[in-house]
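Structure first, commentary second.
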Amino acid sequence: MSKNLRLCEVAGVKDGEPVAAFAEGMPALAVYNVDGEIFVTDNLCTHGNAMLTDGYQDGDVIECPFHGGSFDIKTGAAKAFPCQVAIVSYPVEIEDGWVCITKPEGAA
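The numbering of the sequence shown is UniProt numbering, which starts it at 1 and goes up by one.
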């Protein structure tokens, strides 16, 4: 049995339009398409308690809808003030047309 968590179908993730995803035992997640490559991060801004999928995606940067801070989608690194703490980014695998991540050690 696979340890990977299925999040959503790849076809449902359009470039520039992040998708909210949920998996048991995980925080809220965001799935992104950046020029045809899929990425997954935590969906909650580390500064303003906002869902990043409600923000604006510009290439490989997601801007928080609350205060305009932003994060690098590929690495999770904070890119613009007031965001200073990185969001978690997850290695992605595509399985049978689904976006999947491996459940991290210690996750419920």
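The beta carbon of each residue, even a glycine, is placed where N, CA and C say it ideally should be.
Collapsed DSSP secondary structure at residue i in the structure displayed
{"i": "V92", "result": "strand"}
{"i": "V40", "result": "strand"}
{"i": "T46", "result": "coil"}
{"i": "L5", "result": "strand"}
{"i": "V61", "result": "strand"}
{"i": "V10", "result": "helix"}
{"i": "A28", "result": "coil"}
{"i": "A20", "result": "strand"}
Limits of the unbroken beta strand (DSSP E) element including residue i
{"i": "I73", "result": "Neither: I73 is in no beta strand (DSSP E) and is coded neither H nor E."}
{"i": "D15", "result": "Note, D15: premise wrong, no beta strand (DSSP E); not H, not E."}
{"i": "V99", "result": "W98 to T102"}
{"i": "A86", "result": "Taken as a continuous stretch (DSSP letters only), A86 belongs to no beta strand (DSSP E), as it is neither H nor E."}
{"i": "L52", "result": "Per DSSP, L52 belongs to no beta strand (DSSP E) and is neither H nor E."}
Exercise. Are the stretch 90-98 and the stretch 48-63 touching by the rule of at least three beta carbon pairs closer than 8 Å?
Worked result: Verdict: no, contact absent.
Exercise. Is there contact between the stretch 26-33 and the stretch 2-16, where contact requires at least three CB pairs shorter than 8 Å?
Worked result: yes
Exercise. Is it a yes or a no for the stretch 30-38 touching the stretch 10-17, going by three-plus beta-carbon pairs under 8 Å?
Worked result: yes
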